[in-house]
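Asker: Numbering (full-length UniProt numbering), first residue to last: 1 to 147.
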């Protein structure tokens, strides 16, 4: 399952992953693109969960930058530019650099949940429905969200 990280470590719960954006879509944010890479086995040699809850390491920074450049239609993307974009998330407290560990970052789960919550609630309650009147989601009630 997506909730189980590589090596049995916990990653993100299934509901934290939005449906994958279409290839070539320029609407995706970098932090979500990183989540997409982390959930795919074929990128295990490029980027992987490690250590503490929410911590990941970029094993091949140039390849992550190249993939991001392809996704955003920016052929001159490099790790220097990508890391500058990652630093933007420090102030938003979505993620931070892990001190003393090269190419290692950690997600702030509470901020990620807040970023994803509106989309998640939309899946549960549908457009225009009131939150207190939930519509069953795939035949079952919406799962509880704890912040």
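Glycine included, every Cβ here is placed at the ideal spot set by N, Cα and C.
Say whether chain C places a C-beta atom closer than 8 Å to the C-beta of residue 90.
Answerer: This model lacks chain C altogether; it includes just one protein chain.
Asker: Taking the CB atoms as reference points, tell me whether residue 31 and residue 94 lie closer together than 8 Å.
Answerer: yes
Asker: Taking the CB atoms as reference points, tell me whether residue 57 and residue 65 lie closer together than 8 Å.
Answerer: no
Asker: Using 8 Å as the threshold, is the C-beta distance between residue 103 and residue 68 below it?
Answerer: Taking C-beta atoms as the reference points, residue 103 and residue 68 fail to come closer than 8 Å.
Asker: Can you give me the start and stop residues for the alpha helix (DSSP H) that residue 89 sits inside?
Answerer: 79-92
Asker: Are residue 45 and residue 60 close, meaning C-beta to C-beta below 8 Å?
Answerer: yes
Asker: List the whole-angstrom C-beta distance separating residue 98 from residue 105, where the pair is believed to meet the contact cut-off of C-beta under 8 Å.
Answerer: 6 Å
Asker: Alpha carbon to alpha carbon, how far is residue 53 from residue 28? Give it in angstroms, no decimals.
Answerer: In a straight line, the C-alpha of residue 28 is about 24 Å away from that of residue 53.
Asker: Per DSSP, which one or two residues make a beta bridge with residue 68?
Answerer: Its beta-bridge partners do not exist; DSSP assigns none.
Asker: Kindly list the residues whose CB is nearer than 8 Å to the CB of residue 108, restricted to its own chain and excluding five residues on each side of it in sequence; keep chain order.
Answerer: For residue 108, where only same-chain residues beyond five positions count, the Cβ hits under 8 Å are 54, 93, 94, 95, 96.
Asker: Given a cut-off of 8 Å, decide if residue 43 and residue 37 are closer than it, judged by their beta-carbon atoms.
Answerer: yes
Asker: Ends of the alpha helix (DSSP H) at residue 36?
Answerer: 30-39
Asker: By Cβ distance below 8 Å, which residues in the same chain neighbour residue 90 in space, the five residues on each side in sequence not counted?
Answerer: 96, 97
Asker: Where do the N-terminal and C-terminal ends of the beta strand (DSSP E) with residue 42 fall, by residue?
Answerer: First-last for residue 42: undefined, no H or E at that position.
Asker: Along the chain, where does the beta strand (DSSP E) that runs through residue 98 open and close?
Answerer: Here residue 98 belongs to no beta strand (DSSP E), and DSSP marks it neither H nor E.
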